[in-house]
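Residue 2 is where the sequence shown starts when you use our numbering, and the numbers rise one by one after that. Comments concern the structure below.
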Amino acid sequence: MSGYNPPLDDIKFCIRHLSDIDSILSLDAFEGMEMADLEQVLEEAGKFARDVIAPTNVIGDQKGVSIDGNTVQVPAEIAALHAQYVENGWQSVSGNPEYDGMGLPSTIGNAVSEMVETGNLAYSLLPMLTSDAAIALEAHGTDDLKRKYLGKLVTGEWAGTMLLTEPQAGSDLAAIKARAVRDGDRFRISGTKIFITWGDHELSENIIHFVLARIEGAPEGVRGISMFLVPKFVVGDNGEVGERNDLRATSLEHKLGIHASPTAVMSFGDNDGAIGYLIGEEGKGLATMFTMMNHARLGVGQQGLAVSERAFQLARAYAHDRVQGRVPGQDGRAPIIHHADVRRMLMLMRSQIEAMRAVIYTAAAQVDLAHHAGSDDARAAAESRLSLLTPVVKGWCTEKSEEVTSLGIQVHGGMGYVEETGAAQHYRDARILPIYEGTNGIQAADLAGRKVLGDEGREIRKLIGELRETCAGMQGDEALAAIAASVNAALDQLERGVDWILANAMSDPAALGASSFNFLMLAGTVLGGALLAKGAAAAVADTGGTDAGFAKEKVATTAFYCTHVLPRAHGYLAAMTADPAITMALPAEAFLD
Ligand SMILES: Cc1cc2nc3c(=O)[nH]c(=O)nc-3n(C[C@H](O)[C@H](O)[C@H](O)COP(=O)(O)OP(=O)(O)OC[C@H]3O[C@@H](n4cnc5c(N)ncnc54)[C@H](O)[C@@H]3O)c2cc1C
């Protein structure tokens, strides 16, 4: 039940055809790198995820974490795993070589992360947040702070966290109250932060917290928020870890899932105030934090893929083992995999997993291009595509993880509902994904409001146009032509959704809120199908050495998605374009007892 077999064929395929790794490797930043060498890295990461990480998943869930005074206790197996993870260099795969990183494309780091996340979702939050913290510090920190803190974040010797949430400030970060008082060229931070992932533990020598707080005298609202680096142990000029800072974990949450990840209430400034250093500009803290949050949103979307993959692998194995009923043409009782309804469930799982991977690896490539492409225009184009895809990756893939992990239970029948098969853990673990890192309601508002309405639909129309061109090239093969026809029809639906937002969002105050979630699902469903189809066409064309069996399965999976999943686009479009007054028909009082 702890088994995980990394799907390296599909990962490598997506890197070749959806991330277009050849274009990435042609950039100056990656000169001299060969895909064959990168594939070696992926093979080794796959082994580590399978042999070292995956076996800790159930143990971490069962043992959980605890707090003793102000010391957070994590299962010994997770501590041993983390030590090995850091020592083997997995944290630094795509880190900047100037700070001891390996400097591989972010697309490769992303693939390594997928396997780590599938191995143990709760643990994977620790390396994910550490790498997001390193990216934020590199982008916005002073040279002095980078010298003292960045190297050890890149290598993973120290851990990173993000601290936004307060009791009164969840989705609405404008309500943040944590305070920062000037103390020479640094600040003293005080306040309470809640729900802080890996907020404290003994697995790293130091923990570097990235905290949103309000400098004394700052205006109310978002414009008064700044971002600070607040170390657990203050680091001296010589780079040595020094005095314990004035911050502590006061309690841990008892949660539905991700039991191996400590979620802490953190108190800052019980005494003189925790020493903190401004990162980025004063009053621009939310924008600065968005560097970290955008990476984390991509990471959380990928966690949706990862936990779905694990649930799928468990379900397909069970479907081969479990014998129930008979099927025509077979003697005796049959394994349930032979029942068409079980196959329907497995195909729903598999096809949506592959669609998620297609979207995620398309987005991952944009991170490399946005940083390293050779011209300002190319970098801006990648940034714009990434910005559009980020809420789709976070919102749609995490919604899909709910469906896929639930199907994972259903395939197991009653054994899925009890804990010992492990199917229930994936369902419980997945449930946080649509909530943290900006709820999916907030992702939907971001997609419909900032990303589509905000640029008058230009980027999404550009993407739709490119996908139509892909469809136009799929006419030579009968199966591909049928897929292209379905995708084209779905792209029509998506275009109508975009038109509706542009026509209605400004004139009706409820229009955006009432339509945005269904628009997010429409966009994810259609883009997932179109990118899956792009992959199917590439597999058939066999440009990257894809073998015939793989291509056949990719086409079959895509055809299933087109017939069983893409038709949902009609429903999402109908719901999103319904009169918003229908959603708001009942007054708030009608929801009282
Ligand atoms: C296990 C776990 C780990 C976490 N880790 C971290 C962490 O490391 N760092 C950190 O800072 N935070 C963390 N969080 C906090 C998390 O990001 C917040 O819970 C999340 O952003 C939602 O905030 P909230 O819980 O206050 O919900 P609320 O903001 O109260 O939202 C409740 C509901 O109202 C909806 N809603 C709220 N405002 C709007 C609006 N304007 N428009 C439409 N709908 C709206 C939401 O979508 C949601 O459905 C974590 C939370 C959990 C449970």
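Here a beta-carbon is modelled for each residue, glycine too, at the ideal position from N, C-alpha and C. All figures in this text were calculated on a predicted structure; none of them were measured in a lab.
With DSSP run on the structure shown, which of helix, strand or coil describes residue i?
| i | result |
| --- | --- |
| residue 437 | coil |
| residue 568 | coil |
| residue 129 | helix |
| residue 456 | helix |
| residue 12 | helix |
| residue 172 | coil |
| residue 5 | coil |
| residue 252 | strand |
| residue 337 | helix |
| residue 385 | helix |
| residue 48 | helix |
| residue 499 | helix |
| residue 167 | strand |
| residue 143 | coil |
| residue 197 | strand |
| residue 226 | strand |
| residue 432 | coil |
| residue 22 | helix |
| residue 331 | coil |
| residue 259 | coil |
| residue 375 | coil |
| residue 392 | helix |
| residue 442 | helix |
| residue 151 | helix |
| residue 593 | coil |
Do residue j and residue i have their beta-carbon atoms positioned less than 7 Å apart in this structure?
| i | j | result |
| --- | --- | --- |
| residue 458 | residue 389 | no |
| residue 584 | residue 515 | yes |
| residue 165 | residue 154 | no |
| residue 168 | residue 190 | no |
| residue 499 | residue 566 | no |
| residue 246 | residue 208 | no |
| residue 251 | residue 200 | no |
| residue 243 | residue 231 | no |
| residue 568 | residue 369 | no |
| residue 488 | residue 536 | no |
| residue 215 | residue 180 | yes |
| residue 51 | residue 8 | no |
| residue 113 | residue 46 | yes |
| residue 347 | residue 317 | yes |
| residue 321 | residue 328 | no |
| residue 562 | residue 352 | yes |
| residue 284 | residue 213 | no |
| residue 265 | residue 197 | yes |
| residue 95 | residue 110 | yes |
| residue 538 | residue 475 | yes |
| residue 138 | residue 151 | yes |
| residue 521 | residue 448 | yes |
| residue 253 | residue 68 | yes |
| residue 492 | residue 461 | no |
| residue 556 | residue 473 | no |
| residue 574 | residue 528 | no |
| residue 303 | residue 361 | yes |
| residue 1 | residue 202 | Beyond the ends of the chain as shown, which are 2 and 594, falls residue 1; an answer cannot be given. |
| residue 204 | residue 80 | yes |
Measure the beta-carbon distance from residue i to residue j and round it to whole angstroms, keeping in mind my assumption that it falls under 8 Å.
| i | j | result |
| --- | --- | --- |
| residue 345 | residue 278 | About 55 Å separates the two Cβ atoms, so there is no contact after all. |
| residue 25 | residue 115 | Incorrect: roughly 17 Å between the Cβ atoms, too far for contact. |
| residue 445 | residue 518 | 4 Å |
| residue 595 | residue 380 | For the chain, the structure presents residues 2 to 594; residue 595 sits outside this window and is missing. |
| residue 402 | residue 431 | 4 Å |
| residue 363 | residue 141 | Contact flag wrong, Cβ pair sits at about 27 Å. |
| residue 93 | residue 157 | 7 Å |
| residue 409 | residue 313 | 7 Å |
| residue 298 | residue 391 | 5 Å |
In the DSSP output, what is residue i paired with across the bridge?
| i | result |
| --- | --- |
| residue 236 | 242 |
| residue 69 | 72 |
| residue 210 | 162, 231 |
| residue 181 | 190, 216 |
| residue 266 | 252 |
| residue 324 | 336 |
Hey, does residue i have any beta-carbon neighbour from chain D nearer than 7 Å?
| i | result |
| --- | --- |
| residue 178 | This model lacks chain D altogether, as it is built from one protein chain only. |
> If you scan the segment 271 to 319 from start to end, which runs of the beta strand (DSSP E) of 3 or more residues do you find wholly inside it?
Replying inline: 275 to 280
> What alpha helix (DSSP H) runs, 4 residues minimum, are completely inside the segment 461 to 496?
Replying inline: none
>> My parser needs the alpha helix (DSSP H) runs of 4 or more residues fully inside the segment 524 to 588; what are they?
In response: 549 to 565, 569 to 577, 581 to 584
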